[in-house]
Structures are given as C-alpha cells and as structure tokens.
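Below is one structure, written out as structure tokens, with a few remarks after it.
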Amino acid sequence: MSVTLEGDGRLAGGLVLPTRKAESAAQPIGIAPLPSRLIYPLAADAGGDVEPAVAVGDEVLGDQPLMRAREGRPLLAHAASSGTVTAIEPRPVAGGEALCIVIEVDGRDERLACTPPDIERLRDHGALTDTLAAAGLAGLGGAGFATGTKLAEARRRGLRALLINAAECEPYLSCDDRLLRERAPAVVAGTLAMLALTDCPAGVFVLEADKSEALAALEAAIAQCAQATALSIVTVPTVYPSGGERQLITLVTGEQVPATGYPPDIGYLCHNVGTTAALAAFLETGRPLTRRIVTVTGGGITRPRNLEVRLGTPLADLVAACGGYRDGVARLIVGGAMTGRAVATDEIPVTRGTHGVIAATAAELGDRGTPAPCIRCGECAEACPAGLAPQLLHAQTLRQDPGGFEGLGLFACIECGCCDLVCPSHLPLTEQFRVAKREVWLAEMERERARLAEARHAARERRLVRRLAEREAALERRRQAARDPAVSSAAIAEILRRARGGNDDVGGGA
208 MSVTLEGDGR LAGGLVLPTR KAESAAQPIG IAPLPSRLIY PLAADAGGDV EPAVAVGDEV
268 LGDQPLMRAR EGRPLLAHAA SSGTVTAIEP RPVAGGEALC IVIEVDGRDE RLACTPPDIE
328 RLRDHGALTD TLAAAGLAGL GGAGFATGTK LAEARRRGLR ALLINAAECE PYLSCDDRLL
388 RERAPAVVAG TLAMLALTDC PAGVFVLEAD KSEALAALEA AIAQCAQATA LSIVTVPTVY
448 PSGGERQLIT LVTGEQVPAT GYPPDIGYLC HNVGTTAALA AFLETGRPLT RRIVTVTGGG
508 ITRPRNLEVR LGTPLADLVA ACGGYRDGVA RLIVGGAMTG RAVATDEIPV TRGTHGVIAA
568 TAAELGDRGT PAPCIRCGEC AEACPAGLAP QLLHAQTLRQ DPGGFEGLGL FACIECGCCD
628 LVCPSHLPLT EQFRVAKREV WLAEMERERA RLAEARHAAR ERRLVRRLAE REAALERRRQ
688 AARDPAVSSA AIAEILRRAR GGNDDVGGGA
C-alpha cells in the first residue's frame with residue numbers, strides 16, 4: 208500500500224450500546240416475495256430534479272426508467288418489476304409526504320434487456336457521473352449520495368486511499384454484516400472497480416471488531432483476488448458511531464476532515480459495502496439499482512432477518528415476509544435505532560436509503576422521561592463524537608435566533624443521538640439541532656432571496672438612469688439641430704421628401 212494508516216483506533220466521544228443484532232444476523236439473507244404494488248417517490252435527488260417519465264395507464268417493464276431529468280444530473284429510479292401505472296399522487300414517505308408513482312404489479316416480472324456499460328467510457332468524468340446516475344446508483348449506507356458524482360470528483364482531486372465502510376455501528380442493523388458473510392467476492396469486485404475508476408492506489412475495508420464471520424469471509428475473498436496487494440482490512444472498536452464517515456477516517460488514519468470540507472480534501476473517500484456490491488452488479492449486467500438488502504427486526508417482529516427487497520416495496524410486505532407483527536409494537540422506525548425516523552404507517556415504500564425497519568416495543572424504547580431544564584452537566588459534550596458542546600447549541604436554540612450559531616459548529620453535528628441518550632434532563636437535543644439547521648438554511652435562503660432582489664432592484668435603477676441619460680442626450684442633439692439653420696433646413700427637407708413618398712420630383716411641374 209502507498210498509504211500509511213496511523214489512527215490509534217480510539218473514538219473521541221461515542222457510546223458503547225447494546226448491539227441487538229444477533230437475531231437478525233443469525234439468519235441468511237432471504238428474498239422478499241414479489242409485492243402486489245410498488246411505490247416510487249418523486250423528489251429532488253442528489254444532483255438535480257426529476258419528473259415522471261410515465262403516465263397513469265402505462266404498462267412498464269422491470270428496469271424501465273420511471274423518471275427523467277428535469278434539471279441537473281439526478282439519480283433516476285426504475286421499475287423493480289412489470290405492471291401498470293395506476294396512480295401518480297401524493298403518498299406518505301419517511302419524513303413526510305411526496306408525489307409518488309404507483310405500479311400495480313402484474314406478476315409476470317418481465318424485464319428490459321440490458322447490456323453492461325463500456326468501462327473505458329466511464330473513464331470520462333461526465334460519462335461516469337451521468338451513467339451511474341441514470342442507473343440509480345447511490346450510497347446504500349443511508350446518506351444516499353450519488354455514487355458517480357463521488358467517484359468522479361474524487362478522481363479529479365486524487366486519492367490516497369478508498370475506505371470501504373463495513374463498521375455498521377447502528378444497533379439492530381446487520382445488512383452489511385450478512386452481505387459480507389454471503390457475498391464478499393461481489394464487495395471485493397466492486398471495490399476494485401472503484402479503485403480503477405478513481406485511480407486510487409489502495410482500498411481499506413473497515414469493520415467493527417465484533418464481526419468475526421464477516422472478517423473471515425472478506426479475508427478469503429481477498430486471498431482469491433489477483434489484486435490483493437491493493438487491499439487491506441482494519442478493525443475498529445465496537446463503539447457507536449464508529450461508522451460515521453468523519454469518525455471512521457479519524458479512527459483509521461488519525462487525520463481529521465475539515466469542518467467545512469469533505470474527505471477527498473485530505474485524500475480519502477468512503478463508500479458503504481452495499482454500494483460496492485451494487486456497482487459490481489451494474490458493471491457485470493448493466494441493470495440499474497432496483498433492489499437492496501434491508502434488516503427487518505425489533506421486538507415487534509416475529510422472525511427478524513435480512514431480506515433482499517425490491518425498491519418501492521411497502522414496509523408492510525417486509526413485515527409479512529418476516530412472519531408479521533408480534534403484540535406490543537410501540538413504534539415503527541425506518542433506518543437505524545439511533546438515526547432513523549419514526550413513521551405512522553407501514554405503507555411507506557423502501558427506497559435506496561432504507562437499510563433497516565425496526566418494529567420496537569415499549570420495553571425497547573424505554574421511558575425517556577419528561578424534559579427538564581438543562582443543568583449544564585457536560586455529559587452531552589463528553590459523548591459527542593464531533594467534539595461539540597451540545598449544551599451551548601441547546602441554549603442557542605432557546606433564543607430562537609438562527610444567526611446566533613456562528614462558531615458553535617451546528618452543521619458539524621452528525622445527528623447521531625448520543626447527546627439525547629446521556630442527557631439527564633431528557634432533552635430531545637438531536638431533534639432540536641435538526642430543526643435549528645432547517646431554520647438556519649431557511650434564514651440563509653431568505654437572505655439570498657433578499658440579496659438577489661436588491662441586486663435586481665439596483666440593476667433596474669442603473670438601467671433607468673442610463674435610459675434617462677440616453678434620452679436627455681438625444682433631446683440635446685435635437686435642440687442643437689434646431690439651433691443650427693443649415694441642419695434645420697436639411698432636416699425639414701428630409702421630412703418633406705419622406706412625406707412625398709421619397710420622390711423629389713412630385714409637384715415640380717414641367
């Protein structure tokens with residue numbers, strides 16, 4: 208390897224949490240049955256915006272694009288099976304509501320013919336970005352950034368190492384663990400493809416120390432690889448949130464990503480193991496991303512396990528495939544236990560970012576207690592993996608002043624939830640910080656709108672002044688002409704000539 212890894216393996220802040228992964232991780236990946244309907248949200252996505260490429264009543268095939276770019280280079284979504292578009296209407300999604308394309312599945316599961324992409328063509332920056340966005344390839348670790356954009360930008364900047372994130376530090380989630388145990392060769396193949404596409408010399412797989420079976424499978428896959436010298440494995444402590452991108456880089460390399468920067472700024476790029484496997488499948492078959500592995504678990508699930516699921520499948524179908532609900536479900540969570548979102552219905556569809564579905568019981572959730580005033584104990588600051596002072600951020604949220612967060616690092620908060628867990632006053636700190644970020648964004652947008660409006664007004668004033676000056680100059684020229692007898696006579700003669708139709712002989716007589 209051409210990169211020196213000097214991390215000390217210790218995470219600043221963080222928490223040691225019950226993993227609650229054993230039950231789902233013990234079962235092999237199952238294939239979720241074909242659902243009766245598929246639901247695809249239309250929303251602004253990484254790189255641009257989209258509009259429907261189908262209409263109600265259209266028959267579609269599997270792998271057919273359902274959306275087209277309206278602007279930019281958005282990630283597209285594709286039908287995961289054949290059927291008929293029955294609606295394009297608002298539907299509930301994780302985090303709210305969105306316009307969705309609804310497909311009634313016909314059961315035939317017919318698919319378009321696809322061909323693998325030209326690897327050499329992907330050496331071009333624009334082609335790499337466009338091709339992978341058109342195939343819907345995005346990070347499957349939860350953040351959902353466009354894979355092609357990340358790879359193309361990293362190649363432009365130059366990399367020292369590609370870090371493949373298999374830490375999976377969130378409690379309950381085990382989809383990455385099972386993927387490595389069962390499909391490590393695909394993960395290795397996708398990693399090698401990323402190395403080639405970014406001209407990166409080294410790939411480093413990062414696993415938490417408790418994933419011994421995944422580690423063994425990965426070691427075996429690397430041993431069978433002709434380019435094994437470019438690959439290595441690093442284990443990190445089983446501490447939450449060791450799998451956070453910035454935390455992972457610091458753990459492995461000892462370096463810190465600048466607060467306002469990105470990993471490629473210091474020569475590193477992170478990708479999730481699921482993303483590498485998806486890239487390998489696309490390069491081999493040319494088929495777009497229409498499936499992912501989802502952990503379905505929690506005390507309210509009869510048989511917790513990991514399922515390979517078609518994107519667009521309602522959560523209810525996943526729960527049914529795992530034996531249905533047990534009694535006592537208190538909350539349904541999409542995502543991880545720490546960073547996921549509680550949802551009110553299981554009609555919400557699986558998307559690229561859905562790596563977990565947790566049906567939690569009241570006992571698992573625990574009693575958060577009634578929020579009380581902050582006592583400035585500092586527990587939150589000790590637990591914060593981003594090195595922030597959440598108590599100061601909390602105090603600023605109470606002032607309701609979006610402009611007062613300067614210097615407090617609000618946008619360095621990774622919303623991991625550690626501060627919530629340790630707060631003796633039971634304050635919902637993470638949600639407060641999410642709301643504060645939105646308020647700061649909205650205030651900044653308002654300032655930008657005001658700045659643009661002011662600029663437009665100033666430009667209009669300049670145009671009016673310029674036109675007035677031009678008008679005054681023209682009037683002054685006419686005044687000068689009127690005061691000049693020779694010019695005045697010539698001007699009058701020209702007016703008379705035009706009035707006669709341009710014929711100077713009219714009215715002359717013989």
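Under the working numbering, the first residue of the sequence shown is numbered 208, with each subsequent residue one higher.
Just so you know, even glycine gets a beta-carbon here, dropped at the ideal spot from N, CA and C.
Predicted, not measured: the structure shown is a model, and the values here were computed from it.
Sorted by chain position, which residues of the same chain lie with C-beta nearer than 7 angstroms to residue i's C-beta, five sequence neighbours on each side aside?
| i | result |
| --- | --- |
| L634 | P578, C581, H601 |
| A342 | F489, P495, L496 |
| G572 | Going by the sequence as given, residue 572 is Leu instead of Gly. Excluding sequence neighbours, L572 sits near A537, R538. |
| Q454 | L218, P448, P592 |
Candidates the options: which alpha carbon is nearest residue i's?
| i | options | result |
| --- | --- | --- |
| G264 | R275, V312, P392, G616 | V312 |
| T445 | N479, R388, S419, C376 | C376 |
| G303 | P556, N479, Q431 | P556 |
| D627 | Q271, Q607, L636, I621 | L636 |
| P378 | L386, P465, K228 | K228 |
| R499 | R510, V480, G507, G505 | V480 |
| A396 | R385, G410, F612, D383 | G410 |
| E327 | T405, R385, L283, L282 | T405 |
| A588 | Q431, V629, A567 | V629 |
| G519 | R298, V223, A276, G221 | R298 |
| G451 | L245, G624, T293 | G624 |
| A334 | T354, I540, R686, G468 | T354 |
| G351 | A485, G506, E266, Q598 | A485 |
| Y247 | S231, A232, A305, P597 | A305 |
| V309 | M274, R330, E278 | M274 |
| W648 | D608, S231, D256 | D608 |
| D331 | G348, D256, E360 | E360 |
| K357 | L245, A276, G474, L659 | G474 |
| S231 | L224, V300, R583, A566 | A566 |
| E296 | E258, E683, A650 | E258 |
| Q639 | V672, P597, T398, R390 | P597 |
Under the rule that 16 or more other beta-carbon atoms within 10 Å means buried, what is residue i, buried or exposed?
| i | result |
| --- | --- |
| A437 | buried |
| T483 | buried |
| D325 | exposed |
| M652 | exposed |
| P470 | buried |
| L387 | buried |
| R280 | buried |
| P631 | exposed |
| T211 | Because the pLDDT at T211 is just 47, under 50, the model does not fix this residue reliably, and the value given afterwards should be weighed accordingly. Its Cβ having fewer than 16 others within 10 Å, T211 is exposed. |
| H478 | buried |
| T558 | buried |
| A717 | Residue placement at A717 cannot be trusted, given a pLDDT of 40 that sits under 50; the coordinates are not used to answer. |
| D270 | buried |
| R385 | buried |
| D524 | buried |
| S381 | buried |
| C584 | exposed |
| A657 | exposed |
| L276 | Reading off the sequence, residue 276 comes out as Ala, not Leu. Its Cβ being crowded by 16 or more others within 10 Å, A276 is buried. |
| T509 | exposed |
Which value, in whole angstroms, describes the spacing of the CA atoms of residue i and residue j?
| i | j | result |
| --- | --- | --- |
| V526 | A219 | 37 angstroms |
| T561 | L522 | 10 angstroms |
| L370 | C407 | 11 angstroms |
| V713 | A700 | Model confidence at V713 stands at a pLDDT of 47, short of 50, so the residue's coordinates are unreliable; what they give is reported in the following sentence. One C-alpha to the other measures close to 13 angstroms. |
| L402 | L595 | 34 angstroms |
| F612 | A680 | 53 angstroms |
| P272 | V261 | 9 angstroms |
| C307 | T604 | 34 angstroms |
| M208 | A368 | Its pLDDT being 35, under 50, M208 is placed unreliably by the model, and nothing is read from it. |
| V503 | D383 | 13 angstroms |
| G718 | T293 | Here the chain comprises residues numbered 208 to 717, so residue 718 is not present and cannot be evaluated. |
| E655 | E661 | 10 angstroms |
Among residues of its own chain, excluding the 5 on either side of residue i, which ones have a beta-carbon nearer than 6 angstroms to its beta-carbon?
| i | result |
| --- | --- |
| T322 | G493 |
| Q234 | R512 |
| P392 | A428 |
| A706 | none |
| T442 | L414, A416 |
Between residue i and the rest of its own chain, which residues show a CB-CB distance below 8 angstroms, the 5 nearest in sequence each way excluded?
| i | result |
| --- | --- |
| G715 | Low confidence applies here, because G715 scores a pLDDT of 47, under 50, leaving its location unreliable and the question unanswered by this model. |
| L268 | A286, S289, E317, R318, L319 |
| D472 | R364, V464, P465 |
Is residue i near the ligand FAD, in the sense that its beta carbon is under 6 angstroms from a heavy atom of that ligand?
| i | result |
| --- | --- |
| A544 | Among the components of this structure there are no ligands whatsoever, and the ligand FAD is therefore not found. |
For chain C, find out if any of its Cβ atoms is closer than 7 angstroms to the Cβ of residue i; answer yes or no.
| i | result |
| --- | --- |
| L335 | In the structure shown, chain C does not exist; there is a single protein chain. |
Answer yes if the region 400 to 418 comes into contact with the region 368 to 386, meaning at least three C-beta pairs across the two stretches below 8 angstroms, and no otherwise. Yes, the region 368 to 386 touches the region 400 to 418.
Cβ contact (3+ pairs, closer than 8 angstroms) linking the region 460 to 469 and the region 417 to 432: Contact fails: fewer than three Cβ-Cβ distances are below 8 angstroms.
Could you tell me whether the region 510 to 522 touches the region 235 to 244, where touching means 3 or more Cβ pairs closer than 8 angstroms? Judged by Cβ distances under 8 angstroms, the region 510 to 522 makes contact with the region 235 to 244, as three or more pairs qualify.
Specify whether the region 331 to 342 and the region 541 to 553 touch according to this definition: at least 3 beta carbon pairs, one from each stretch, less than 8 angstroms apart. By the criterion of at least three beta-carbon pairs nearer than 8 angstroms, the region 331 to 342 is not in contact with the region 541 to 553.
Evaluate the contact criterion for the region 603 to 617 versus the region 639 to 646: three or more CB pairs, one atom per stretch, below 8 angstroms. In the pairwise beta carbon analysis, the region 603 to 617 is classified as touching the region 639 to 646: at least three pairs are separated by under 8 angstroms.
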